[in-house]
Structure formats: C-alpha cells, structure tokens
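Residue numbers (the numbering used here): 2 to 283. Just so it is clear, CB atoms sit at the ideal spot from N, CA and C, and this is done for glycine as well.
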Amino acid sequence: RYGHHRPKAEWRRENVNRTVQLISETVRAIRPWVKITCAPIGKYADLPAQSSKGWNARDAVSQDAQLWLRRGWMDGLFPMMYFDGQHFYPFAVNWQEHTYGRPVAPGLGAYQLAPEERNWSLLQIVRQLRFIHAEGFAGEAYFRSQFLLNNVKGLLDFVHDHYAQPQLPPAMTWLDSIAPAAPQWQCRRTDHALRFTWNAVADAPPVHYNLYRLTPTGPAAVALRLSDTDFTYSPALPSLLDADYALTAMDAYGNESPLHFTHDTQSTPPRVVGYPSAFRPR
2 RYGHHRPKAE WRRENVNRTV QLISETVRAI RPWVKITCAP IGKYADLPAQ
52 SSKGWNARDA VSQDAQLWLR RGWMDGLFPM MYFDGQHFYP FAVNWQEHTY
102 GRPVAPGLGA YQLAPEERNW SLLQIVRQLR FIHAEGFAGE AYFRSQFLLN
152 NVKGLLDFVH DHYAQPQLPP AMTWLDSIAP AAPQWQCRRT DHALRFTWNA
202 VADAPPVHYN LYRLTPTGPA AVALRLSDTD FTYSPALPSL LDADYALTAM
252 DAYGNESPLH FTHDTQSTPP RVVGYPSAFR PR
C-alpha cells in the first residue's frame, strides 16, 4: 500500500518522477537534441513567508519540477503563474533561484485581462513583465494566445513596442556546447535586393542558418532558422543594401558559429566581430 507504507505524498511524487525520467531518457536516446519542457503549476511549494493556499506543484499535484531540472530530465520550464501580487512575485523569485542553469520562463495570465475573468489592467501584466526581466529570467509566455492576438486592453500593442528584436531560444549547452563551423558564404547585390548563398556546414543534422545585419547598437536579426543554402533579402530601405551582414550556422542544440560581418563579400575578407547571438528586449 502506497509503496511499502511510504507517505502517500512522497509515493505519488516518486511515481510522477519515474514517469518523467522514463520519458526524458527515451527521448534523449532517440533524438538527443529535442528540447524537453513542461508547464508546471505556477507555485512550486509553500514558501517560508508565503503560503500557496493549498495549490502548488510539488505537494498538491506531485509535480517536483525543480527536481526535474536538477536531475537533467527537463531542459526548461514554463510555470503557469496566472496570479498577481503576493501570489506571483515571491513564487517567481523561488523559480529563478532554482533554475539549475536551465531556462525558466513564467507563463503570464493574459486571459485575466478579460472582464469575464479577473479584469486585470494592462499595467498588472506590464509590471510582471518588467519584474521578470529585472530578475534575469530567460523570458516569458502568455496564456492564452487568443487574448494576446486579440489585443485585449492593448496587450499586443505593448508587446510589439516592447520587444526590440526576435530572439533565439537559449542554446542547450548542458547537452552539447560545441558550435558548428562558420559557413562560407557570398552575397550578390541587385538594384533592389541582396542574394545570399552559402555552402552547407558539415555537422550533425539538423543545421539551420541565421542572417544578421550590423546596426549601431549591435546585430539585428534579418532571418532566423533558415534551412536552405540561399536567401534573397529585399530591404524596405535602399540604404540597407549597403549595410554589413553576417551569416551563422546553428546546430540542433542552439550552438551558433561566430558572427563574421563584411560589407562586400565579393572583395573584402570577413572580419570577426564578437557580438552575442541573442537579444534582450528594450
């Protein structure tokens, strides 16, 4: 009974843990680069100074998600933090203190903006978003997409203004940290477009390619996760035809080759510029 008279809560957690471990080990054996994530209940457990009011991941529904990160069974978490005030901020800090080097991105309750739900103001979501960035989280998610795409209370307008550039997910360096070689590429200019071509990089598939443009504030993504070996770019501004560009190779784990910017790839050797490969929002 209950695992040889073990406490019921412990026995339930162990059953779930074994299931998560089995799924993780099976996936890794078949496709080791697949990113394994989940969305646990937003409060991990009761905190010393804040109760979860009986609804948390570890004790109420046997989701020991922080253990899953520590054991390497999960590559990231998206806790369902659809709360506000004291039910959000201290529990968010607890997640950030136990990432074990993996990305944790709180899920924000966009649906709470709806009048038929909690009728939150946009400011409540904005405060949570700014707090998440200040605490150094890997990012955030929104539930549900319907309320974001329908621009409820101006959420989509804010998001468009807030995020300066697209971002790639963090590389899974805990599984593989060796970046592929930089691709050898060429650029040919026409009156209104740039055509980039390159040789496929010899690396374990799948390999994708990322195209960047150099700006005064750093690299700006032009196209991400390209799978072909050619791309035609028609910039909105003619002056961008004369900008510096770079092409990188990215392996299945998200490791990216160094950025090599050059103004004219037909006549000027590439020069290495040590810019990061990810962007933070403004």
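- Ranked by Cα distance from Trp34, the first of Leu225, Ala205 and Gln125 is Ala205.
- Annotated three-state conformation of Ala66 is helix, per DSSP.
- Taken through DSSP and simplified to helix, strand or coil, Trp175 comes out as coil.
- Here DSSP, grouped into helix, strand and coil, assigns Gln187 to strand.
- Contact annotation, Ala224 with Leu212: C-beta distance approximately 5 angstroms; criterion of less than 8 angstroms satisfied.
- From the listed residues Glu141, Leu23 and Ala244, the smallest Cα separation to Leu78 is found for Glu141.
- Measuring C-alpha to C-alpha distances from Leu23 to each of Lys54, Leu48, Arg72 and Ser52 identifies Arg72 as the nearest.
- In the displayed model, Arg72 falls within coil according to three-state DSSP, outside both helix and strand.
- In the displayed model, Val105 falls within a strand according to three-state DSSP.
- Contact check between the region 183–192 and the region 146–165: fewer than three CB pairs, one atom from each, fall below 8 angstroms, which does not count as touching.
- Of the candidates Asp245, Thr218, Thr38 and Pro91, Pro91 places its Cα closest to the Cα of Glu136.
- Secondary structure at Ala247: strand, using DSSP grouped into helix, strand and coil.
- Note on geometry: alpha-carbon atoms of Leu176 and Lys36 lie some 10 angstroms from one another.
- Between Tyr83 and Gly55, the C-beta gap is not smaller than 8 angstroms, which leaves the two residues out of contact.
- Per the coordinates, the alpha-carbon of Ala244 lies some 14 angstroms from the alpha-carbon of Thr191.
- If you check the CB distance, Asn256 and Ala139 do not come in under 8 angstroms.
- Burial check for Tyr164: the Cβ neighbour count within 10 Å stays below 16, so the residue is exposed.
- If you draw a 10 Å sphere on the C-beta of Lys9, you find fewer than 16 other C-beta atoms in it, and that means exposed.
- Going by C-alpha positions, Gly102 is about 35 angstroms away from Ala115.
- Counting only unbroken stretches of 4 or more residues, the alpha helix (DSSP H) elements lying wholly within the region 104–147 are 123–135, in sequence order.
- Secondary structure of Leu157 (DSSP, three-state): helix.
- Closest by C-alpha distance to Arg29, out of Ser52, Met75 and His6, is Met75.
- If you draw a straight line from the Cα of Pro41 to the Cα of Ala201, it comes to about 39 angstroms.
- Rounded to whole angstroms, the Cβ separation of Val127 and Phe89 is 13 angstroms, and the two are not in contact under 8 angstroms.
- About 6 angstroms separates the Cβ atoms of Pro220 and Leu260, confirming a contact at the 8 angstroms cut-off.
- Beta bridge pairing from DSSP links Ile31 with no other residue.
- With distances taken between CA atoms, Gly86 lies nearest to Leu109 out of Gln64, Leu109 and Asp65.
- Annotation: His134 to Trp199 spans about 36 angstroms, alpha carbon to alpha carbon.
- Taking the C-beta atoms as reference points, Trp69 is found nearer than 8 angstroms to Val21.
- Rounded to the nearest angstrom, the Cβ distance from Asp65 to Asn18 is 6 angstroms, consistent with a contact under 8 angstroms.
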